[in-house]
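Asker: The structure is given below, and queries will be raised subsequently.
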Amino acid sequence: MSIDLQDIQGNIVKGYAQYDYPKARYVFYHIRNEVAGRAFVKGIAPLVTTGIPWNKKAKPNAADAPPPATTNIAFTYMGLKMLGVPRKSLQTFPEEFVMGMKLRKDILGDDGPSDPRHWDRIWRDTSVHLWISINGRDPASIETRYQEISHLVAESDGGIIQLSGHHGPDGSTDLPYQSASLIYKNGIPQAREHFGYRDGIGEPYFMASSGHPNRVIGGGKPTRGDPATRKGWEPLETGEFILGHRDEAFETPIAPQPPLLAFNGTFMVYRKLHENVGSFNRYLDTVGENYPGGKELLAAKFSGRWRSSGAPVTRFPTNATAETFEFQLNEAEARLYAERENPSKEAKEAYVALRTQMAAFDYNHDLEGSRCPLGAHIRRINPRGALEHGKEAFNTPGALTNRRRILRRGLPYGEVADDSRDDGDHGIIFIAINASISRQFEFVQQQWINYGNDFKLANDKDPLTGNHGVDSNQQPTGRMILQGNSTATENPFFCAGIPRFVETRGGDYFFIPSLTALHMLSNGTVDPT
Amino acid sequence: MSNIAGKAYAMNVVTPAKWYWVWVNKLFFWFVQLPGGAAYLKGLLTLSLIHYARWAIVSPKEFPHLDESQPKEKLKYSYMFFFSNFNGSWDQYVDSFHAAIPQGLDLFWFKNVKYPKSVPLQPFHAYITYNQIWTSHYYSAYPLATSNDIKSARHLTRELRAFSESSARADPLEFHEAYQRLLRDVQQDISIMERTPIVSLSAQAVEQRLDQADAERADQ
Amino acid sequence: MMDIIRVLVTGLLRRWYDNLRNLLTGTRPPAGAAGLTVLCPIINDSDGNQSHVMALRQHLQDLPLHENSPMAAVPNTYLCRFYILNDVFYQGAPAEEEHLKSKYLVYSTNFHGDLDSYLSGMWEHAQESIRQVWRHCVAFENVRTTADFVAYMKKCQVRNHLFFNGSTGDPLNRQLKSLYLKQEFSRFVYDHQNTPPEDLQRAFQAFIARTQPGNPDSPTWVAGADTESIKT
């Protein structure tokens with residue numbers, strides 16, 4: 001079945017950063033009365049960016065022309081309630097969405113410094129009802145769109161309140177919105193986060209995905225074929241990410257009622273994650289000194305990818321192999337950037353070939369983890385069939401992973417003024433899109449990031465994003481084993497005292513309606529009868 | 001009342017089957033226990049979520065009858081009693097089985113009355129939920145351990161004891177080398193157990209109320 | 001299909017051979033993990049101002065948990081549970097509707113060793129707790145001795161058609177000692193990543209002296225404890 005991409009919000013099927021929208025503004029609103037709320041949504045609806053494939057050569061106002069700035073909208077449970085969605089319909093929404101992120105803290109591991117008590121003020125004091133994201137090519141386009149929306153707020157005559165209370169870099173605690181942006185180096189936007197890792201590489205590929213068909217490699221679900229080729233992968237079912245379509249359980253996912261409210265919609269997780277850059281650098285420096293492979297290999301073992309190139313360590317296990325790859329990738333990217341107005345076929349193909357190598361792998365040749373540790377970040381969040389432990393024992397190698405995938409749509413925020421310090425306001429605005437927040441995002445967060453039994457690692461956590469604790473002397477207790485190679489007499493290395501590198505600073509769960517559902521919400525015609 | 005004891009979850013499912021079909025289930029259960037038949041349990045072993053599980057089929061005549069005061073059961077169906085002790089949440093367990101070994105599950109519950117098959121998932125969920133019985137008291141000898149932990153602890157202990165004996169008279173350098181060899185042999189067994197992540201917010205709330213009641217009792 | 005026939009034939013031959021050999025040599029296969037399922041009919045009458053089934057259910061629900069559970073005292077119990085089978089479930093038309101005439105206490109335990117020793121141990125180490133539970137069951141008032149208890153449980157036993165061991169079949173004290181050693185040795189390894197050989201050897205000797213890997217009963221983990229609790 002084909003999918004009506006004009007009925008689907010564009011942020012579901014497109015990571016805007018990959019379409020040359022390096023900057024974003026996230027704005028949150030409170031609905032004071034239903035009538036104003038519906039009028040506001042009605043005003044926003046025509047601005048909403050859909051999933052229609054873009055044609056760079058289209059005339060500026062054509063339906064398929066990339067807009068100067070995108071706009072998307074989503075609602076919390078309280079937001080839907082404020083819009084007058086009937087109780088019968090509200091009761092069909094999933095428990096975690098109804099509760100919201102704050103009340104899920106014990107499942108998410110938001111404890112200690114990540115406890116909601118320490119979140120940005122907007123997430124503590126007020127009730128967020130509505131989220132609007134504006135992604136843009138440049139600050140001016142974002143500002144123009146923001147002004148249009150602010151005008152609608154003004155027209156609501158107090159019925160809609162834009163919520164402030166975002167913390168900012170200079171100690172401010174009452175910013176009116178959250179800004180986010182790719183990090184720039186020499187004026188060129190980089191797909192990189194503040195610890196220095198190249199980001200945004202692993203992207204699930206599903207039936208309705210756009211982009212080069214090679215993206216199925218590493219992005220789809222594993223088959224028993226060669227993981228280096230397209231034979232090794234198949235697209236995931238659309239229903240893992242968009243409601244109303246077949247999912248990996250061979251059925252249509254559980255969804256809110258009436259069906260039209262849910263159809264072509266989905267759920268979104270928004271999370272502001274602070275990065276303790278100083279602690280991270282100190283740990284790498286100190287432990288990297290004793291680690292035989294050195295600091296960069298240690299960083300690569302934490303993540304599963306080399307920091308500068310993003311090359312997977314299971315495929316490029318040594319500094320030398322990684323450096324050769326990085327050189328080629330830099331060349332290909334520079335060429336593509338130089339030709340960005342009208343890229344040649346060769347430039348595109350050279351780049352695609354290298355990008356494919358970054359994703360074209362599984363762990364069947366690395367079962368003991370001597371290249372990519374069993375507890376490395378990317379091996380945890382997407383085990384790529386590794387939970388079969390090389391045994392071909394399951395119906396499909398992705399049996400335990402295909403229903404745990406999430407689309408990530410976030411961007412870094414803030415700037416690191418002093419990379420020896422943890423304070424300041426910088427990190428990642430983590431945005432995840434999935435058909436079930438509890439089955440996908442929360443499961444990954446609880447079982448794979450903050451726990452280790454599926455990897456036979458008892459209570460070990462993700463070294464980078466796990467909620468590492470402290471002992472009674474306030475000393476950090478995080479740990480990670482970098483497995484050795486038992487046949488080549490390469491010794492394992494044990495990293496102790498890992499502090500919490502990433503802390504939660506706020507967030508919530510949202511419902512992203514289809515354009516049809518948005519129309520129904522704005523007219524107050526949602527009727528589950 | 002709880003289905004949870006630390007890292008273990010107790011599942012009980014009781015389902016009817018026609019007497020003339022249960023011999024197929026019995027044959028299958030018998031078959032997989034033969035040497036060589038265990039290959040059919042490979043998926044179950046690889047999932048590695050279970051401490052111990054069992055299936056018991058009770059025919060109408062087999063319901064225990066202890067004395068005259070107890071009326072005899074008059075039943076048409078045989079009943080299959082399933083018991084599992086697994087690590088993780090209900091959803092994680094049921095979903096893992098559905099995705100990893102659906103054909104195996106369909107053989108275990110072959111021809112049980114109204115068994116919907118393990119794929120798709122929602123009817124299977126509904127079937128298990130409808131036929132599940134909550135545990136009144138559940139005990140685990142090791143609430144902090146999963147079956148993975150117990151298996152790895154066994155391997156580690158064997159290697160550690162052998163090393164401790166063989167290295168007793170080594171000089172420091174020999175010792176160091178042998179120690180590194182030991183670590184390579186047991187690297188998959190080195191990990192630290194802590195309390196379970198919470199299985200559900202409801203279970204956690206119950207646990208907190210019980211802890212509170214305990215504390216109050218201790219205060220008095 | 002050929003695969004299945006091969007397994008059947010070799011499996012059967014192997015089983016007959018093993019049985020014959022055990023019979024001739026008088027040996028018994030090593031005891032490992034086993035499962036016991038019992039269904040005990042509950043007295044269909046009142047127990048004071050409650051029915052027996054209500055009283056029993058409340059008693060079970062209120063039993064202390066973890067290391068304070070009466071089952072923690074029963075040797076070689078890995079995991080066990082109690083539930084009450086009120087009735088069988090009607091599956092809806094066109095399935096037949098039928099009902100049980102008695103309610104049953106279902107006791108399901110996973111243990112190490114042979115059944116007789118396990119049941120004797122259960123009676124000997126938790127007799128009072130057992131009486132508090134089983135006094136609600138039909139004909140339990142006749143149970144006075146260990147032998148009575150073993151016989152009673154066997155009469156209530158139903159056959160397990162498949163017992164799946166996804167763990168180990170070691171005696172419980174060995175399992176607990178191994179868990180204790182895994183935990184302690186893992187800490188040792190993390191604490192000594194960069195220790196020079198001489199210090200490492202000394203530290204290891206101290207570790208062995210402290211943890212006594214050869215002594216299965218001390219120091220070790222306390223059975224049933226849900227926090228790290230060490231028995232010396």
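Protein chains in written order, with my numbering: chain L, 1 to 529; chain R, 1 to 220; chain B, 1 to 232.
Just so you know, even glycine gets a beta-carbon here, dropped at the ideal spot from N, CA and C.
Because the structure is a prediction, the values reported are computed rather than measured.
Cβ closer than 8 angstroms: which chain B residues qualify as neighbours of His125/R?
Answerer: Stepping through the second sequence from its first residue, residue 125/R is reached at position 125. Within 8 angstroms Cβ-Cβ: nothing; His125/R doesn't reach chain B, min ~16 angstroms.
Asker: Bridge partners for Tyr177/L per DSSP, in chain order?
Answerer: Position 177 of the first sequence, counting from 1, holds the residue named residue 177/L. Its beta-bridge partners do not exist; DSSP assigns none.
Asker: Please list the residues of the stretch 280 to 305 of chain L that have a C-beta atom closer than 7 angstroms to any C-beta atom in chain B, keeping them in chain order.
Answerer: Correct list: Asn290.
Asker: What residue from Leu179/B, Gly214/B, Pro216/B has the CA that sits closest to Ser222/R's CA?
Answerer: No statement about residue 222/R is possible, as the shown extent of chain R runs from 1 to 220 and does not include it.
Asker: Report the residue from Tyr270/L, Glu34/L, Pro66/L whose alpha carbon sits nearest the alpha carbon of Tyr16/L.
Answerer: Here residue 16/L refers to the residue found at position 16 of the first sequence. The option with the nearest alpha carbon to Tyr16/L is Pro66/L.
Asker: Please classify Asn402/L: is it buried, with 16 or more other beta-carbons within 10 angstroms of its beta-carbon, or exposed?
Answerer: Here residue 402/L refers to the residue found at position 402 when the first sequence is read from its first residue. Buried is the call here.
Asker: Could you say which of Glu97/B, Asp45/B, Pro197/B lies nearest to Val138/B if we only look at CA atoms?
Answerer: On the third sequence, position 138 is the one that residue 138/B refers to. Nearest option by C-alpha distance: Asp45/B.
Asker: Since Phe159/L contacts Asn33/L with CB under 8 angstroms, what's their CB separation in whole angstroms?
Answerer: Locating residue 159/L in the first sequence gives position 159, where the first residue counts as 1. Locating residue 33/L in the first sequence gives position 33, where the first residue counts as 1. Before going further, note that residue 159/L is Gly rather than Phe in the sequence given. Yes, Gly159/L and Asn33/L are in contact; Cβ-Cβ is about 5 angstroms, under 8 angstroms.
Asker: Kindly identify the DSSP beta-bridge partner or partners of Gly35/B.
Answerer: Taking the third sequence and counting its residues from 1, the one referred to as residue 35/B is at position 35. Paired residues: Asn110/B.
Asker: So does the stretch 173 to 192 of chain B actually touch the stretch 215 to 223 of chain B, counting three or more Cβ pairs closer than 8 angstroms?
Answerer: Contact between the stretch 173 to 192 of chain B and the stretch 215 to 223 of chain B is present, because at least three Cβ pairs lie under 8 angstroms.
Asker: Return helix, strand or coil for Ser78/R, following the three-state DSSP convention.
Answerer: Against the second sequence, residue 78/R aligns to sequence position 78. If DSSP states are grouped into helix, strand and coil, Ser78/R belongs with the strands.
Asker: Give the straight-line distance between the Cα atoms of Ser136/R and Phe83/R, rounded to the nearest whole angstrom.
Answerer: Counting from one through the second sequence, the residue named residue 136/R turns up at place 136. Counting from one through the second sequence, the residue named residue 83/R turns up at place 83. So the alpha carbons of these two residues sit roughly 14 angstroms apart.
Asker: Please list, in chain order, all residues of the same chain as Ser141/L whose beta carbon is under 7 angstroms from its beta carbon, the five residues on each side excluded.
Answerer: The sequence position of residue 141/L within the first sequence is 141, counting from 1. The answer, listed in chain order, is Pro68, Ala69.
Asker: Compute the Euclidean distance between the alpha carbons of Ile130/B and Trp123/B, then round it to the nearest angstrom.
Answerer: Taking the third sequence and counting its residues from 1, the one referred to as residue 130/B is at position 130. Taking the third sequence and counting its residues from 1, the one referred to as residue 123/B is at position 123. Cα to Cα, the separation comes out at about 7 angstroms.
Asker: Three-state secondary structure (DSSP) at Met358/L?
Answerer: The count along the first sequence starts at 1 and reaches residue 358/L at position 358. Helix at Met358/L.
Asker: In the DSSP assignment, the alpha helix (DSSP H) including Val94/R goes from what residue to what residue?
Answerer: Residue 94/R sits at position 94 when you count from the first residue of the second sequence. 90 to 100 is the span of the alpha helix (DSSP H), which, as asked, contains Val94/R.
Asker: According to DSSP, simplified to helix, strand and coil, what is Val199/R?
Answerer: Position 199 of the second sequence holds residue 199/R. Val199/R falls in the coil class under three-state DSSP.
Asker: Quick one: what's Asn165/B bridged to in DSSP?
Answerer: Position 165 of the third sequence, counting from 1, holds the residue named residue 165/B. Answer is Tyr52/R.
Asker: Any idea which residues DSSP pairs Asn215/B with across the strands?
Answerer: Start at 1 with the first residue of the third sequence, and residue 215/B comes out as number 215. Its beta-bridge partners do not exist; DSSP assigns none.
Asker: Using the C-alpha atoms, what's the distance from Val41/L back to Ala63/L?
Answerer: Counted from its first residue, the first sequence places residue 63/L at position 63. Counted from its first residue, the first sequence places residue 41/L at position 41. In a straight line, the C-alpha of Ala63/L is about 21 angstroms away from that of Val41/L.
Asker: At a cut of 8 angstroms, does the stretch 382 to 392 of chain L reach the stretch 330 to 339 of chain L through at least three beta carbon pairs?
Answerer: Taking 8 angstroms as the limit for Cβ pairs, the verdict is that the stretch 330 to 339 of chain L does not touch the stretch 382 to 392 of chain L.
Asker: Please state if the CB of Met82/L and the CB of Ile31/L are separated by a distance shorter than 8 angstroms.
Answerer: For this step, residue 31/L is matched to residue 31 along the first sequence. For this step, residue 82/L is matched to residue 82 along the first sequence. Contact flag set, yes.
Asker: In terms of alpha-carbon separation, which member of Lys88/L, Pro513/L, Gly497/L, Ala360/L lies closest to Val189/B?
Answerer: Start at 1 with the first residue of the third sequence, and residue 189/B comes out as number 189. When only C-alpha atoms are compared, the closest one is Gly497/L.
Asker: With distances taken between CB atoms, is the gap from His51/R to Gly224/B smaller than 8 angstroms?
Answerer: On the second sequence, residue 51/R is found 51 positions in, with the first residue counted as 1. On the third sequence, residue 224/B is found 224 positions in, with the first residue counted as 1. It is not a contact, given that the beta carbons lie outside the stated cut-off.
Asker: Please give me, in chain order, every unbroken run of the beta strand (DSSP E) with length at least 3 that falls completely inside the stretch 94 to 161 of chain B.
Answerer: As far as the stretch 94 to 161 of chain B is concerned, its whole beta strand (DSSP E) runs of at least 3 residues are 104 to 112.
Asker: How would you list, in chain order, the residues of chain R whose beta-carbon sits under 7 angstroms from the beta-carbon of Met71/B?
Answerer: Within the third sequence, the letter at position 71 stands for residue 71/B. Residues of chain R passing the Cβ test: Tyr139.
Asker: Report yes if the CB atom of Pro492/L is closer than 8 angstroms to the CB atom of Arg161/R, and no otherwise.
Answerer: Locating residue 492/L in the first sequence gives position 492, where the first residue counts as 1. Locating residue 161/R in the second sequence gives position 161, where the first residue counts as 1. Not a contact, by the Cβ cut-off of 8 angstroms.
Asker: What does Gly121/B reach in chain R if we use C-beta pairs closer than 9 angstroms?
Answerer: On the third sequence, position 121 is the one that residue 121/B refers to. Residues of chain R passing the Cβ test: none, with the nearest at roughly 14 angstroms.
Asker: Confirm, please, whether the CB-CB distance from Gly452/L to Gly375/L is below 8 angstroms.
Answerer: For the purposes of this step, residue 375/L is taken as the residue at position 375 of the first sequence. For the purposes of this step, residue 452/L is taken as the residue at position 452 of the first sequence. Yes, the Cβ-Cβ distance between Gly375/L and Gly452/L is below 8 angstroms.
Asker: Taking only the alpha-carbon atoms, compute the straight-line gap between Glu490/L and Gln187/R and give it to the nearest angstrom.
Answerer: Within the first sequence, residue 490/L is the residue found at index 490, counting from 1. Within the second sequence, residue 187/R is the residue found at index 187, counting from 1. If you take the alpha carbons of Glu490/L and Gln187/R, they lie about 11 angstroms apart.
Asker: For Gln440/L and Asp199/B, what's the separation of their Cα atoms in angstroms?
Answerer: Against the first sequence, residue 440/L aligns to sequence position 440. Against the third sequence, residue 199/B aligns to sequence position 199. Cα-Cα distance, rounded: 47 angstroms.
Asker: Report yes or no: do three or more beta-carbon pairs, one from the stretch 168 to 187 of chain L and one from the stretch 12 to 28 of chain L, lie closer than 8 angstroms?
Answerer: In short, these stretches touch, since the Cβ pair count reaches three.
Asker: Put Asp47/B into one of helix, strand or coil per three-state DSSP.
Answerer: Against the third sequence, residue 47/B aligns to sequence position 47. Asp47/B falls in the strand class under three-state DSSP.
Asker: Under 8 angstroms between the Cβ atoms of Ser370/L and Gln483/L?
Answerer: Sequence index remark: in the first sequence, residue 370/L carries index 370 (1-based). Sequence index remark: in the first sequence, residue 483/L carries index 483 (1-based). Yes, Cβ-Cβ distance for Ser370/L and Gln483/L is below 8 angstroms.
Asker: Any beta-carbon of chain B closer than 8 angstroms to the one on Pro172/R?
Answerer: To locate residue 172/R, count along the second sequence from 1; it is residue 172. Yes, Pro172/R counts as interfacial toward chain B.
Asker: Does the contact criterion of 3 or more C-beta pairs under 8 angstroms hold for the stretch 146 to 154 of chain L versus the stretch 4 to 18 of chain L?
Answerer: No contact exists between the stretch 146 to 154 of chain L and the stretch 4 to 18 of chain L.
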